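Residue numbers (the numbering used here), protein chains in the order written: chain A, 97 to 365; chain B, 97 to 365.
We treat Cβ as the ideally placed atom computed from N, Cα and C, and that holds for glycine.
Computed from a predicted model, the values in this text were never measured in an experiment.
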């Protein structure tokens, strides 16, 4: 047993959709969350910048003495995970593997769609992992640069959101995929509109849910679960002011977080 | 006469629309441009973070020995200009005064609309300046958080752009303004669609054009013009990779800039 916290980070608010799933899956675990709201978004930046920023994020979480780090960010998971694993001793879990495995399990016609930020899609990380598991599966991907700004501005099921969904997903839909990976933790907030566009026959795979399940398995196999029966404690850190995060973050998390958020200077780490 | 460069900075690419106007207005002047592409956008961040980032930007430009600094960013001009003027000796020019004066000159019915990023609108800087000049003028403002992501992703006259323009501008249009301040240097790229929505009777005021004219007046009055008859030299610096900036930046500037852009670590300044 290990009572230390799980460290979770994301470029901003989106990772909270994964945290919500982790809380449900592992209610005893303590969680320290860092959202890099002062430098969000990551998904439109270069690989070098994403690596630089995610090292700051890991260094900050290590100062909080975490037992494992979850990258609740599709962009970092697909562009920086290998580098981070090489440089740090702490176990680090990204969203790509768990999410890809769930999609491989779900597909019947062996056609999987992948959507994510430009950084994620450029990396080809999901495609590579899926092909390595099963070379018969065909993948079709699309970068969706406007989804994060839409979500961060409350556009979930508006006409604008629906038009942008059509723009980014039309081609994937035409390919006849039966499974779609939501490769960015912001996207679950668009899942209703995405599901309606793709139709009933298409299974949406949520990166946040899958990484939460994988985290449980991983903690158990490394004997790191906190099994003292006490409900977990949560703390949240951000790199810009706390007010915006408290309001929208509460919505993402479906839980009140006012007064529990602290601002830090991430560039120092 | 002073042959030193003019320093221009913006949160990212948008400021290049102002640079283009400065090049046209002052073809002999040397220009050093910094775009904080590694931390763009500024407009959705807190005032403290905007001030912190813009100090980095000014410090970098001062190292280039500039004779004057132009803030080609509506957000920084409206939230950080006073602080920067107090802390630095170099003359600093923002977009708010020049743009507001042009709007005051243009309006006949004394109703001016102002659009900008959430940071700009929250600051109330345009409204305060206009009211101080002429208390009879009514102002109507609207924050447009999705305009910058739309422009940075090439959505200029698409159906999505038109819908978002309607969402943000409908109320201002109903108020009957005859003049609209485009309070963010990204917005000129939406001006065709904005103009069509607002109608022929509404004059659009472009922050970039106005600050270029004000800069010329200011340099002349301080005897800082470079009057050697030689065409100016331009250099561009960014905080993320150069490739994205070179491509889209060339479009903003309507000029080839490949090979002239250098990446720097802005967090060191």
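- prompt: Between residue 222/B and residue 279/B, which are expected to be in contact by the criterion C-beta below 8 Å, what is the C-beta distance as a whole number of angstroms?
  reply: In the second chain, the residue the question calls residue 222/B occupies position 126. In the second chain, the residue the question calls residue 279/B occupies position 183. Confirmed, Cβ separation roughly 6 Å.
query: So what does DSSP say about residue 105/B, is it helix, strand or coil?
result: Translated into positions along the second chain, residue 105/B becomes position 9. Three-state DSSP puts residue 105/B in a strand.
task: Between the Cα of residue 356/B and those of 120/B, 343/B, 325/B, 363/B, spot the shortest distance and give me the residue it belongs to.
output: On the second chain, residue 356/B is found 260 positions in, with the first residue counted as 1. Out of 120/B, 343/B, 325/B, 363/B, 343/B has the C-alpha closest to the C-alpha of residue 356/B.
field: CB contact flag (residue 210/A, residue 233/A, <8 Å)
entry: Position 114 of the first chain, counted from the first residue, corresponds to residue 210/A. Position 137 of the first chain, counted from the first residue, corresponds to residue 233/A. Cβ atoms of residue 210/A and residue 233/A: not closer than 8 Å.
- prompt: Is residue 275/A helix, strand or coil when you go by DSSP?
  reply: Numbered from 1 along the first chain, position 179 holds the residue referred to as residue 275/A. Correct three-state label for residue 275/A: strand.
Terminal residues of the alpha helix (DSSP H) in which residue 242/B lies: As a position in the second chain, residue 242/B is number 146, starting the count at 1. Per DSSP, residue 242/B belongs to no alpha helix (DSSP H) and is neither H nor E.
task: Using a Cβ-Cβ cut-off of less than 7 Å, list which residues of the stretch 171–182 of chain B approach chain A; keep chain order.
output: none
message: If distances are taken between C-alpha atoms only, which option among 212/A, 325/A, 121/A comes closest to residue 312/A?
response: Working through the first chain from its first residue, we reach residue 312/A at position 216. The shortest C-alpha separation from residue 312/A is found at 121/A.
task: Flag residue 343/B as yes if its beta-carbon sits less than 8 Å from any beta-carbon of chain A, otherwise no.
output: As a first step, residue 343/B must be located in the second chain, where it is residue number 247. So no, residue 343/B is outside the interface.
message: Since residue 322/A and residue 159/A should fall inside the 8 Å C-beta cutoff, what is the C-beta to C-beta distance between them, to a whole number of angstroms?
response: Reading the first chain from its first residue, position 226 is the one you call residue 322/A. Reading the first chain from its first residue, position 63 is the one you call residue 159/A. Wrong, their Cβ atoms sit about 20 Å apart, outside the cutoff.
task: Please report the residue range of the beta strand (DSSP E) in which residue 222/B lies.
output: The residue you call residue 222/B lines up with position 126 of the second chain. First-last for residue 222/B: 221–229, but that is the alpha helix (DSSP H), not the beta strand (DSSP E).
task: Establish whether the CB of residue 242/B and some CB of chain A are separated by less than 8 Å.
output: Here residue 242/B refers to the residue found at position 146 when the second chain is read from its first residue. With 8 Å as the cut-off, residue 242/B counts as an interface residue toward chain A.
query: Could one say the Cβ of residue 230/A lies closer than 8 Å to chain B's Cβ atoms, at least one of them?
result: Counted from its first residue, the first chain places residue 230/A at position 134. Not one chain B Cβ lies under 8 Å of residue 230/A.
task: Using three-state DSSP, classify residue 189/B as helix, strand or coil.
output: Indexing the second chain from 1 puts residue 189/B at position 93. Correct three-state label for residue 189/B: strand.
query: Should residue 265/A and residue 236/A be called a contact, given that it needs their Cβ atoms to be closer than 8 Å?
result: As a first step, residue 265/A must be located in the first chain, where it is residue number 169. As a first step, residue 236/A must be located in the first chain, where it is residue number 140. Not in contact: residue 265/A and residue 236/A (Cβ atoms no closer than 8 Å).
query: How about residue 145/A and residue 174/A: are their beta carbons less than 8 Å apart?
result: As a first step, residue 145/A is located in the first chain; it is residue number 49 there, counting from the start. As a first step, residue 174/A is located in the first chain; it is residue number 78 there, counting from the start. Not closer than 8 Å, so no.
field: Element boundaries [alpha helix (DSSP H), containing residue 341/A]
entry: The sequence position of residue 341/A within the first chain is 245, counting from 1. Run containing residue 341/A: 338–349, per the alpha helix (DSSP H) assignment.
- request: In angstroms with no decimal places, state the Cα-to-Cα distance between residue 106/B and residue 130/B.
  value: To locate residue 106/B, count along the second chain from 1; it is residue 10. To locate residue 130/B, count along the second chain from 1; it is residue 34. Approximately 7 Å between the Cα atoms of the pair.
query: residue 269/A: which of 283/A, 299/A, 180/A, 284/A sits nearest, CA to CA?
result: In the first chain, residue 269/A corresponds to position 173, counting from 1. Nearest of 283/A, 299/A, 180/A, 284/A to residue 269/A, Cα basis: 299/A.
task: Please report the residue range of the beta strand (DSSP E) in which residue 330/B lies.
output: Position 234 of the second chain, counted from the start, is the residue given in the question as residue 330/B. That run of the beta strand (DSSP E) goes 330–334.
message: Measuring alpha carbon to alpha carbon, tell me which residue in 230/A, 286/A, 202/A, 338/A is nearest residue 255/A.
response: Against the first chain, residue 255/A aligns to sequence position 159. Of the listed residues, the one whose Cα sits closest to residue 255/A is 286/A.
- request: Put residue 354/B into one of helix, strand or coil per three-state DSSP.
  value: Within the second chain, the letter at position 258 stands for residue 354/B. Three-state result, residue 354/B: coil.
Neighbourhood of residue 350/A by C-beta, 8 Å cutoff - its chain only, sequence neighbours within 5 removed: As a working mapping, residue 350/A is identified with position 254 in the first chain. Hits under 8 Å: 116.
- request: Note down, in chain order, every chain A residue with its Cβ under 9 Å from the Cβ of residue 307/B.
  value: Residue 307/B sits at position 211 when you count from the first residue of the second chain. Under the 9 Å cutoff, chain A gives no residues; its nearest Cβ is about 26 Å from residue 307/B.
message: Check whether the stretch 160–171 of chain A and the stretch 136–152 of chain A are in contact - that is, three or more C-beta pairs closer than 8 Å.
response: yes
message: Do residue 303/A and residue 191/A count as a contact pair if the criterion is CB distance below 8 Å?
response: Residue 191/A sits at position 95 when you count from the first residue of the first chain. Residue 303/A sits at position 207 when you count from the first residue of the first chain. Yes.
- prompt: Are the C-beta of residue 260/A and some C-beta of chain B separated by less than 8 Å?
  reply: For this step, residue 260/A is matched to residue 164 along the first chain. At least one chain B Cβ lies under 8 Å of residue 260/A.
message: Output needed for residue 240/A: all residues of its chain with C-beta closer than 6 Å, excluding positions within five of it in sequence on either side, in chain order.
response: By one-based count along the first chain, residue 240/A stands at place 144. Around residue 240/A: 211, 264.
message: Tell me which residues share the same chain as residue 176/A and place their Cβ nearer than 7 Å to its Cβ, disregarding the 5 neighbours each side in the sequence.
response: As a working mapping, residue 176/A is identified with position 80 in the first chain. So the qualifying residues of the chain are 146, 147, 150.
message: Could you tell me the alpha carbon to alpha carbon distance between residue 362/A and residue 133/A, rounded to whole angstroms?
response: On the first chain, position 266 is the one that residue 362/A refers to. On the first chain, position 37 is the one that residue 133/A refers to. Their backbone Cα atoms lie some 10 Å apart in a straight line.
query: Can you list, in chain order, the residues of its chain whose CB lies under 7 Å from that of residue 327/B, leaving out five sequence neighbours each side?
result: As a working mapping, residue 327/B is identified with position 231 in the second chain. Excluding residues within five positions, the ones whose Cβ falls inside 7 Å are 123, 124.
- request: Name the residue from 207/A, 347/A, 332/A, 339/A whose alpha carbon lies nearest to the alpha carbon of residue 156/A.
  value: As a first step, residue 156/A must be located in the first chain, where it is residue number 60. Measuring from the Cα of residue 156/A, the nearest candidate turns out to be 332/A.
- request: Output yes or no for whether 8 Å exceeds the beta carbon distance between residue 194/A and residue 306/A.
  value: In the first chain, residue 194/A corresponds to position 98, counting from 1. In the first chain, residue 306/A corresponds to position 210, counting from 1. Yes, the Cβ-Cβ distance between residue 194/A and residue 306/A is below 8 Å.
task: Note down, in chain order, every chain B residue with its Cβ under 7 Å from the Cβ of residue 141/A.
output: Residue 141/A sits at position 45 when you count from the first residue of the first chain. Near residue 141/A (Cβ distances below 7 Å), the residues of chain B are 134, 336.
- prompt: Going along the chain, which residues of its own chain have a beta-carbon closer than 8 Å to the beta-carbon of residue 297/B, five neighbours each way excluded?
  reply: Taking the first residue of the second chain as position 1, residue 297/B is located at position 201. Correct list, in chain order: 274.
message: Run through chain B and tell me which residues come within less than 7 Å of residue 249/A, C-beta to C-beta.
response: Position 153 of the first chain holds residue 249/A. Result: 241, 242.
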